[in-house]
Each structure stands twice: as structure tokens, then as C-alpha cells.
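In my numbering, the protein residues as written are 22 to 234.
We treat Cβ as the ideally placed atom computed from N, Cα and C, and that holds for glycine.
Since we're looking at a predicted model, the values are computed, not measured.
Here's the structure, in C-alpha cells; my notes come after.
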């Protein structure tokens with residue numbers, strides 16, 4: 022079972038990807054993680070990617086897909102995998118599709134976790150982080166015991182720049198321009214399934230497992 026997770030930043034697709042990986046005993050693959058792992062292990066593909074990253078450039082789609090295919094060829098992916106954070110654009114999806122076709126493989130499901138923009142802005146605006154120990158909270162869903170203070174280390178909690186409404190709106194604009202077309206792309210292939218991401222996390226997961234089972 023090969024799955025791609027789609028959804029706007031803050032829709033909760035990463036959390037769902039981890040839960041899917043755990044339930045079905047398949048790896049959760051994020052491109053950021055495999056880049057870091059290849060660079061850390063000094064692989065040829067990792068060194069190639071590092072050249073671009075060191076210059077502040079995006080790693081070309083073909084190289085990203087090569088690194089991805091190298092990862093999914095590993096034994097633990099024999100039963101499938103969940104891709105999180107890739108593809109982000111139509112060209113990436115096409116390169117991935119063609120590469121999988123060459124090895125007689127394909128993606129089975131593209132799961133779209135659908136959350137309206139205003140919910141995401143509100144959801145991310147409620148996040149608070151401790152810059153000292155890395156603990157994270159949410160003023161509505163996981164509030165700290167004392168407002169503005171970290172339960173773990175007692176330091177001040179902050180709203181990160183990434184979670185500020187104006188930043189979130191900019192990220193959502195980029196998402197709608199680049200990644201939204203992927204929803205149409207996978208719908209045409211007949212593998213897109215959309216779930217309501219505004220309900221409780223457990224209910225989102227139940228909807229996803231209902232599709233996968």
C-alpha cells in the first residue's frame with residue numbers, strides 16, 4: 022500500500038501519516054528526513070543534494086526522486102509506505118510517476134486532509150513553543166498548566182514567526198498555487214480520497230482507515 026499525503030500546511034497530514042505508518046507497519050517517509058540521512062551518511066546522492074542546499078538552491082526534482090526511490094527500494098518498504106511532503110508540485114508528481122512506472126510500481130492512494138484556510142490560521146495561531154526545551158502547546162487543545170509558561174522547564178512560551186497569521190497566510194497562498202493542482206492530478210488518476218480535517222484527530226484517522234481498509 023503506497024500512500025501520498027496531501028493537505029495544506031497545518032492541516033495535520035504529518036500526524037496522520039505517522040498514525041497510518043504505525044497502524045499498518047509501513048515506513049513514514051518525509052523528504053526532509055531522507056535528505057538529512059543521506060547527507061549524514063555521506064552517500065553519493067546525499068553529497069549531490071548537499072551541493073544545491075549549501076548554495077540555498079532547491080534540490081532538482083529528478084535528484085529528489087532518485088533519493089526517494091533509493092529509500093523506497095529498501096526492505097522495510099516492501100509492504101508499502103506513506104509519503105509526507107512530496108510531491109509538492111505537478112512536475113514532481115510526473116517525475117515520480119514515470120520513475121515508479123519504470124520499476125512497474127505505482128501510488129495506490131493520495132489522501133487529501135481538507136481544512137479551510139481560516140481554520141488553519143486559527144489552529145496555527147494558537148500554537149505556542151518553548152524555545153528552551155522544544156516543548157509545544159496549543160492554547161485551546163493542549164494548554165500549558167500556567168498561561169505562557171512551559172510545563173517542562175518553566176521558561177516563557179512564544180508564538181513562533183512561522184505560526185503568525187501573516188506568515189501562515191503566505192504559506193497557504195504558496196500551497197494553493199503549487200500544491201492544490203496535485204489534487205486535480207490525482208483525482209484524474211482515480212486515486213484521490215478526501216477526508217474532513219476539521220474534525221477530531223481520531224475521527225480523521227478513522228475516516229482514513231475506512232478508506233485504506
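On the DSSP bridge list, what partners appear for residue i?
{"i": "residue 167", "result": "170"}
{"i": "residue 150", "result": "157 and 179"}
{"i": "residue 26", "result": "105 and 132"}
{"i": "residue 49", "result": "103"}
{"i": "residue 215", "result": "133"}
I'd like the list of long-range same chain contacts for residue i, defined as Cβ closer than 8 Å, with 5 residues on each side in sequence excluded.
{"i": "residue 185", "result": "146"}
{"i": "residue 232", "result": "130, 132, 214 and 216"}
{"i": "residue 165", "result": "149, 158, 171, 172 and 178"}
Within 10 Å of its beta-carbon, does residue i have 16 or more other beta-carbons around it, so buried, or fewer, so exposed?
{"i": "residue 197", "result": "exposed"}
{"i": "residue 163", "result": "exposed"}
{"i": "residue 171", "result": "buried"}
{"i": "residue 108", "result": "buried"}
{"i": "residue 34", "result": "buried"}
In angstroms, rounded to a whole number, what distance separates the CA positions of residue i and residue j?
{"i": "residue 73", "j": "residue 87", "result": "15 Å"}
{"i": "residue 225", "j": "residue 130", "result": "16 Å"}
{"i": "residue 158", "j": "residue 125", "result": "44 Å"}
{"i": "residue 191", "j": "residue 141", "result": "12 Å"}
{"i": "residue 103", "j": "residue 71", "result": "24 Å"}
{"i": "residue 189", "j": "residue 28", "result": "14 Å"}
{"i": "residue 110", "j": "residue 56", "result": "18 Å"}
{"i": "residue 37", "j": "residue 101", "result": "16 Å"}
{"i": "residue 206", "j": "residue 174", "result": "46 Å"}
Which residue from the options puts its Cα closest to that of residue i?
{"i": "residue 203", "options": "47, 35 and 112", "result": "112"}
{"i": "residue 143", "options": "173, 193, 109 and 106", "result": "193"}
{"i": "residue 209", "options": "134, 83, 114 and 176", "result": "114"}
{"i": "residue 25", "options": "211, 175 and 106", "result": "106"}
Taking 6 Å as the limit between beta carbons, can you name the residues of its chain near residue i, skipping five residues before and five after?
{"i": "residue 136", "result": "32, 218 and 219"}
Can you list, in chain order, the residues of its chain whose CB lies under 7 Å from that of residue i, leaving out five sequence neighbours each side?
{"i": "residue 150", "result": "157, 178, 179 and 181"}
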